[in-house]
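Structure first, commentary second.
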Amino acid sequence: MFPLPAWPAEDAPADELERAVFLEERGVQVRLELERNPMVAGEPTWATTELTNTGPDDLIWTTDGCQIHVGVAGRLTDLRWWFGVPQRGIAQEFKWWASYGSRMPDDGTMRLEFTPEPFVGMGEFGCADLGVEHRLAPGDSVRSRERWDGLVAHAGPSPTAAAEITAQFDGWRREHEGPNRRRELRVRLPAWVMGSENAPTMSASQAVDFALRDRGFAAWVLAGWIDRWQPIAEFVPADRVWHIGMATKDGATRIAIVDIEMGTTTVVAAVTDGRGEYRITGSAD
């Protein structure tokens with residue numbers, strides 16, 4: 376049997392947490408403010424950034440097509456995802472892609488993803504691969520907002536833990552410096568997350584390990600992995616289960632339901648649409 380994981384107990388900080396921080400360098404000031412601190416798992420929290428040119432000449436920078444001036448990102452500082460047990464060959468390839476799809480980084484970082492306000496509610500979005508130059512006159516500011524959805528990437532609500540929120544301004548220069556000078560400015564704000572009782576204690580990688588213990592499911596995955604479509608690794612907080620499987624082109628989709636409390640796996644049939652969305656239909660037999 377695999378040992379079932381559990382999060383370590385976390386004590387909230389005794390001191391009141393700051394909601395805002397700023398940093399100034401070479402006539403550039405970046406300010407980051409959280410709507411609340413502590414943040415609450417499963418509930419949205421807005422972060423506001425303000426970029427101000429405090430220098431004597433224009434501030435110049437370049438973005439891609441999304442025109443995100445100051446990016447916001449977060450991570451849990453004291454917790455990481457477990458990777459489970461080593462797999463081999465096609466099983467390891469399936470495990471890697473399923474973990475990647477659930478936004479699990481290779482280093483196990485538990486990320487808190489912030490979405491720029493124009494893209495909130497859109498789901499997945501992409502940015503045009505082009506360079507857009509921006510200028511900010513002395514004394515002017517640019518404000519923007521990004522929202523954390525209360526989740527650890529795509530893996531369900533966050534556990535209780537210390538966090539760090541970062542605002543980063545990249546690729547900037549002062550007008551007098553010339554086009555080849557590029558700098559970055561990064562502001563860090565210590566934070567805390569009040570976790571959810573429905574937070575996953577099992578990573579996507581571990582859930583794949585449990586799913587592959589089912590011989591029938593493993594044989595189905597390994598026999599058709601190359602010819603099938605995309606892996607599924609989705610945590611369902613209300614049921615505290617992982618759905619592990621593949622959305623297939625031929626419609627013969629199977630989902631392994633991994634119960635993170637009991638450490639059991641149930642394989643069921645599902646149907647998929649043209650976008651890879653799936654719906655469980657019943658027994659896999």
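For what it's worth, the working numbering labels the leading residue of the sequence shown as 376, then goes sequentially. For every residue, glycine included, the Cβ atom is placed at its ideal position computed from N, Cα and C.
### Same chain only: Cβ atoms within 6 angstroms of F585, ignoring 5 sequence neighbours per side
Locating residue 585 in the sequence shown gives position 210, counting from the first residue. Cβ within range, chain order: V633 and T640.
### Task
Measuring only between beta-carbons, confirm whether A608 sits less than 8 angstroms from chain C.
Any reference to chain C falls outside this structure, which holds one protein chain only.
### Query
Per DSSP, what kind of secondary structure is E499 in: helix, strand or coil?
Within the sequence shown, numbered from 1, the residue matching residue 499 stands at position 124. The answer is coil: DSSP assigns E499 none of H, G, I, E or B.
### Query
With distances taken between CB atoms, is the gap from V562 to F397 smaller than 8 angstroms?
Translated into the one-based positions of the sequence shown, residue 562 becomes position 187. Translated into the one-based positions of the sequence shown, residue 397 becomes position 22. Yes. Within cutoff.
### Query
Taking C-alpha atoms, which residue in A503, K470 and A416 lies nearest to A582?
The count along the sequence shown starts at 1 and reaches residue 582 at position 207. The shortest Cα separation from A582 among A503, K470 and A416 belongs to K470.
### Message
Quick check on I540: does DSSP put it in helix, strand or coil?
### Response
Position 165 of the sequence shown, counted from the first residue, corresponds to residue 540. Correct three-state label for I540: strand.
### Query
When you compare only the Cα positions, how much space is there between G417 and L487?
Mapped onto the sequence shown, residue 417 falls at position 42. Mapped onto the sequence shown, residue 487 falls at position 112. For G417 and L487, the distance between alpha carbons rounds to 11 angstroms.
### Query
Cα separation between W436 and R556?
Working through the sequence shown from its first residue, we reach residue 436 at position 61. Working through the sequence shown from its first residue, we reach residue 556 at position 181. Spanning the two alpha carbons is a distance of roughly 10 angstroms.
### Message
I need the DSSP call for S578, collapsed to helix, strand or coil.
### Response
The residue you call residue 578 lines up with position 203 of the sequence shown. Coil, per DSSP.
#### Entry: From S578, A645, R522 and A598, residue whose alpha carbon lies closest to that of R455
As a first step, residue 455 is located in the sequence shown; it is residue number 80 there, counting from the start. Considering only alpha carbons, the answer is S578.
### Message
Can you give me the C-alpha to C-alpha distance between Q473 and A466, rounded to a whole angstrom?
### Response
Stepping through the sequence shown from its first residue, residue 473 is reached at position 98. Stepping through the sequence shown from its first residue, residue 466 is reached at position 91. Here residue 473 is Ala; the residue named in the question, Gln, does not match the sequence. So the alpha carbons of these two residues sit roughly 11 angstroms apart.
### Task
Could you tell me the distance, in whole angstroms, from the CA atom of G553 to the CA atom of A448?
Sequence index remark: in the sequence shown, residue 553 carries index 178 (1-based). Sequence index remark: in the sequence shown, residue 448 carries index 73 (1-based). Roughly 29 angstroms separates the two Cα atoms.
### Task
Tell me whether L407 is buried or exposed, calling it buried when 16 or more other Cβ atoms sit within 10 Å of its Cβ.
Here residue 407 refers to the residue found at position 32 of the sequence shown. Buried.
### Message
Check whether the region 512-527 and the region 426-446 are in contact - that is, three or more C-beta pairs closer than 8 angstroms.
### Response
yes
#### Entry: Backbone secondary structure at V568 - three-state DSSP
The residue labelled residue 568 in the question sits at position 193 within the sequence shown. In this structure, V568 counts as strand in the three-state DSSP scheme.
### Task
Find out if the Cβ-Cβ distance for the pair R518, T423 is shorter than 8 angstroms.
As a first step, residue 518 is located in the sequence shown; it is residue number 143 there, counting from the start. As a first step, residue 423 is located in the sequence shown; it is residue number 48 there, counting from the start. Yes, these two residues count as a Cβ contact at 8 angstroms.
### Message
Which residue marks the beginning of the beta strand (DSSP E) containing W727, and which one marks its end?
### Response
As displayed, the chain neither begins before 376 nor continues past 660, which places residue 727 out of reach and without an answer.
#### Entry: alpha helix (DSSP H) runs contained entirely in the region 444-524, provided each spans 4 or more residues
464-476
### Query
If we call anything under 8 angstroms between Cβ atoms a contact, is L451 one with S571?
Working through the sequence shown from its first residue, we reach residue 451 at position 76. Working through the sequence shown from its first residue, we reach residue 571 at position 196. Not closer than 8 angstroms, so no.
### Message
With distance defined between alpha-carbon atoms, name the residue in L409, D545, Q404 and A528 nearest to G483.
### Response
For the purposes of this step, residue 483 is taken as residue 108 along the sequence shown, with counting starting at 1. Per the Cα distances, A528.
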